[in-house]
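Notes follow once the structure below has been shown.
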Amino acid sequence: MSFGPSDNRLAARTETAGDAGLASIAPETLAARPGNLWRDTAKSILRQRSAQVGLVLLTVLITTAILAPVIATHDPNEAVGIEEGLTAAQKGPCIHLLGCRESQPQHYFGVDRNGRDVFSRVVHGARVSLYVGVLTVGFAILIGSVVGGIAAFLGGAVDNVLMRIMDVFLVFPALVLAIAIVTVLGAGLINAQIAIGVVAIPVYARVMRASVLSVRERDFVTASRALGESGPGILFRRIFPNAMTPLIVAGTLGIAGAILEVAALSFLGLGAQPPLAEWGSMIALDRNQLFNAPWLILAPGMALTISVLGFNLFGDGLRDALDPRLNR
Amino acid sequence: MIQFILRRLLLTLPVLVGIVFVVFAIARLLPGDPCFQALGQRATQESCEAFDERYGLNEPIPVQFGIFVGDLLSGDLGTSIAYGRPISDILIERMPVTIELTIFALTIATMLGIGLGVASAARRNSRVDVGTMMFANFGVSIPVFVLGLILIFFFAVVLKDTPFALPPSGRLSAGVLIVPLAEAWGLQDLDGPLRVVIDFLGNMYVISTLITGQWAAFGDAVVHLILPAIALATIPLALIARMTRSSLLEVLGQDYIRTARAKGVIERRVVLRHALRNAILPVVTVIGLTLGALLSGAVLTETIFGLTGIGLTITQSILGRDYPVIQAVTLITAILYVTVNLVVDVSYAFLDPRIRLE
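This is how it looks when you write it as structure tokens:
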């Protein structure tokens with residue numbers, strides 16, 4: 027529901043009127059300072075306050091995901107709480123540095139209903155969320171950009187038919203359509219990712235279409251055509267690489283949305299299945315303990331929020347840096 | 006104007022057909038034989054044939070599509086497997102809950118969102134601006150279900166026994182009874198479409214208690230809606246605040262604003278009278294488009310707060326494998342979404358005559 031992707035979907039709808047702005051940079055400007063494009067981009071991204079914060083959050087998320095087995099204090103799926111014979115009162119967070127008695131085994135975020143260490147599960151959840159977000163959006167971008175690119179490149183009836191089909195998918199509320207698709211495919215993390223991916227395809231198709239439409243008219247495309255390059259060759263080798271920028275921005279913001287939506291599906295029991303340490307399903311598992319053990323919900327909940335926030339902030343910064351037309 | 010509306014309506018038609026087709030396709034792609042789904046695994050060959058015959062499942066797919074569309078046009082959405090009742094009856098009962106919740110949430114989001122957006126655009130880079138944008142970023146990033154649970158914890162556990170405590174679930178407190186609208190108006194014996202409308206209205210507790218003057222129940226119904234509405238409003242609120250801010254900033258940079266300031270118009274009037282009017286159009290579009298986020302959010306909000314609207318109906322039918330209900334609700338929400346966007350488009354044309362001419 028947010029819902030991040032809805033934001034993205036809004037953007038896709040409001041932006042289709044105008045063509046992608048990056049194409050408005052004259053090729054000479056770029057050619058005048060060869061090799062500086064990436065450094066310039068990186069610099070202007072890092073000038074944005076939101077991008078800085080986003081980058082820090084993402085670094086934390088990615089580091090946690092990579093080093094999960096090192097950072098985690100326990101096996102995420104082992105019922106350590108039961109082995110240690112913790113009493114009900116001892117299941118809460120216990121950090122020795124903050125005054126928890128040394129005699130009690132240390133669990134930063136307490137143990138869950140099944141006696142598993144919540145801190146370790148949250149840490150391992152970073153892997154799941156990162157993988158889910160990147161893979162889902164990658165899938166959607168792959169299909170969406172091909173559809174949008176072909177629609178823009180061929181134009182005419184093909185364009186009309188393809189984009190009207192995309193429109194139909196865009197009118198369903200994201201989560202509702204995803205739920206309908208998962209019921210067809212069956213519950214599971216992969217199916218949830220496919221569902222969220224399918225729902226996001228039209229967003230990227232629209233972004234790519236707008237971008238390709240503007241790149242198509244540029245001189246180097248005419249040059250390739252004059253040199254006798256084939257249609258697919260022009261589209262995939264010449265146009266696509268030059269039309270990627272808006273897609274990168276939409277994709278970064280899209281990862282935030284995908285993480286949220288897959289977590290929502292998992293919360294509803296349609297996504298990740300036990301015992302996988304996924305934040306949405308962790309919240310669902312201990313939802314009823316809200317009144318006596320709120321940390322079981324707060325820990326994965328805040329982890330989710332911080333990851334999504336990281337992608338949103340970084341995406342905003344990317345957009346401001348890469349798309350001068352949208353500079354505010 | 007009429008021509009514009011007609012053309013817009015005509016453009017909506019293919020999208021509606023597309024929606025119906027997609028929902029139909031999803032229903033036919035469902036795993037397993039619908040007969041076994043409905044009658045159980047031990048259904049016999051004969052009873053399955055009878056079942057297929059009865060629901061037209063032995064017809065070719067195009068004919069089935071025709072029947073499906075025909076049923077839809079006559080208002081038949083099928084029968085719920087779990088409840089054994091017509092889905093349209095269930096929707097009349099539950100859709101008002103969602104509509105009421107959505108209206109509440111959208112009101113909060115619009116009023117606060119525009120207010121915050123104006124405040125931060127008028128004082129760009131001030132503490133208010135930075136705070137609002139931080140809040141907006143946080144608002145679109147926190148999952149609805151996490152926010153809902155945190156709100157419940159704060160207002161129902163932490164603030165318990167204080168005057169600020171709010172109920173964590175349900176539509177009314179135990180013991181609070183509502184006289185149904187039809188009864189209050191002495192229309193129990195009424196039948197037909199009018200009765201449906203009255204029942205529909207009556208199921209919006211806030212409205213029905215308000216118009217029949219059941220004040221105790223009214224207060225109780227409102228109090229129960231506050232937390233879910235806040236949870237649901239957060240994302241649209243953040244989106245509206247962002248859009249208002251950026252749209253207003255753009256307008257504030259225009260020449261006529263400088264002219265107004267040069268003439269000595271006070272800043273407050275420049276922002277609220279001169280600029281906001283021209284900046285509000287994109288905001289209207291966003292408000293219409295956030296409905297998708299609201300309907301998605303309603304699924305989670307209703308699940309968490311135990312409100313039996315169509316959102317909770319979706320979750321329940323997933324668990325109960327009640328496919329016809331999922332199908333019908335998906336269809337209804339999509340049609341609702343298209344309709345609202347149509348209304349938004351038309352209102353947009355009302356607000357900005359240039360759009361009609363294009």
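Protein sequences appear in the order of chains B and E. In terms of my numbering, the first sequence has 158 at position 132, counting the first letter as 1, and numbering is strictly consecutive. In terms of my numbering, the second sequence has 201 at position 196, counting the first letter as 1, and numbering is strictly consecutive. The C-beta atom is built at its ideal place from N, Cα and C for all residues, glycine as well.
- Using a CB distance below 8 Å, the part of the region 186 to 198 of chain B facing chain E consists of R190, I191, D193, V194, F195, V197 and F198, ordered along the chain.
- Using a Cβ distance threshold of 9 Å, V275(B) and L344(B) count as a contacting pair.
- Every alpha helix (DSSP H) of 4 residues or more that sits fully in the region 132 to 212 of chain E is shown, in chain order, as 132 to 146, 149 to 157, 186 to 189 and 198 to 207.
- In this model, A178(B) and A226(B) are separated by some 19 Å (Cα to Cα).
- Three or more Cβ pairs closer than 8 Å define a contact, and the region 198 to 211 of chain E falls short of that threshold against the region 70 to 89 of chain E.
- The DSSP-derived three-state label of T318(E) is helix.
- Of all residues in the region 133 to 154 of chain E, only N142, F143, V145, S146, I147, P148, V149, F150, V151 and L154 come within less than 7 Å of chain B when Cβ atoms are compared, listed by chain position.
- Our two residues, A238(E) and F246(B), have alpha carbons roughly 48 Å apart in a direct line.
- For L106(E), there are no C-beta contacts with chain B under 8 Å, since the nearest C-beta of that chain is about 14 Å from it.
- Under DSSP, V82(B) shares a beta bridge with no residue.
- Secondary-structure assignment with DSSP links V137(B) through a beta bridge to D143(B).
- For the pair G23(E) and R190(B), the CB atoms are nearer than the 9 Å cut-off.
- Taking the CA atoms as reference points, T248(B) sits about 46 Å from F70(E).
- For the region 325 to 354 of chain B, the set of positions with a beta-carbon nearer than 7 Å to some beta-carbon of chain E reads G327, L330, T331, V334, L335, N338, L339 and R354 in chain order.
- For R13(E), the closest alpha carbon among the candidates I97(E), L347(E), R129(E) and S352(E) is that of L347(E).
- By the CB criterion at 9 Å, L300(E) and L232(E) fall outside the cutoff.
- Sequence-distant partners of T137(E) (beyond 5 residues in either direction) whose C-beta falls short of 8 Å from its own C-beta, in its chain, are L121, G122, A124, S125, A246 and R250.
- Listed along chain B, the residues sitting closer than 7 Å to A339(E) by beta-carbon distance are V197 and F198.
- The beta carbon of I121(B) lies closer than 7 Å to those of Q132 and Y134 in the same chain, with the five residues before and after it left out.
- Minimum Cα-Cα distance from G327(B) among the listed residues V79(B), G257(B), E110(B) and G151(B) corresponds to G151(B).
- Contact between the region 251 to 271 of chain B and the region 302 to 321 of chain B is absent: fewer than 3 CB-CB pairs across the two stretches fall below 8 Å.
- Under the three-state reduction of DSSP output, P131(B) falls in the coil class, being neither helix nor strand.
- Contact of R313(B) with chain E is assigned, a C-beta pair being separated by under 9 Å.
- Look at the region 205 to 217 of chain B: the residues with a C-beta under 9 Å from a C-beta of chain E are I205, A206, I207, V208, T209, V210, L211, G212 and A213.
- In the same chain as T162(B), and ignoring 5 residues on each side of it, the C-beta atoms closer than 7 Å to its own belong to Q219, I222, G223, A284 and V288, in chain order.
- The C-alpha of S333(B) is placed about 7 Å away from the C-alpha of L84(B).
- At least 9 Å separates the CB of F179(B) from every CB of chain E.
- Against chain E, the CB of F145(B) has no partner CB under 9 Å away; the residue lies outside that interface.
- For A236(E), no Cβ of chain B is located within less than 9 Å of the residue's own Cβ.
- Under the DSSP assignment, V210(B) falls in the alpha helix (DSSP H) whose first and last residues are A200 to L211.
- Using a Cβ-Cβ distance cut-off of 8 Å, the region 143 to 154 of chain E and the region 176 to 184 of chain E are not in contact, since fewer than three pairs of beta carbons, one from each stretch, lie closer than that value.
- Taking a 10 Å sphere around the C-beta of E304(B), we find 16 or more other C-beta atoms and assign the residue as buried.
- Distances from the CA of A213(B) to each of G181(B), F293(B), L188(B) and G277(B) were compared; the closest alpha carbon is that of F293(B).
- Per DSSP, P65(E) lies in no alpha helix (DSSP H) segment and is marked neither H nor E.
- Only those residues of the region 267 to 285 of chain B whose C-beta falls short of 8 Å from the nearest C-beta of chain E are listed: A282.
- Secondary structure of P91(E) (DSSP, three-state): strand.
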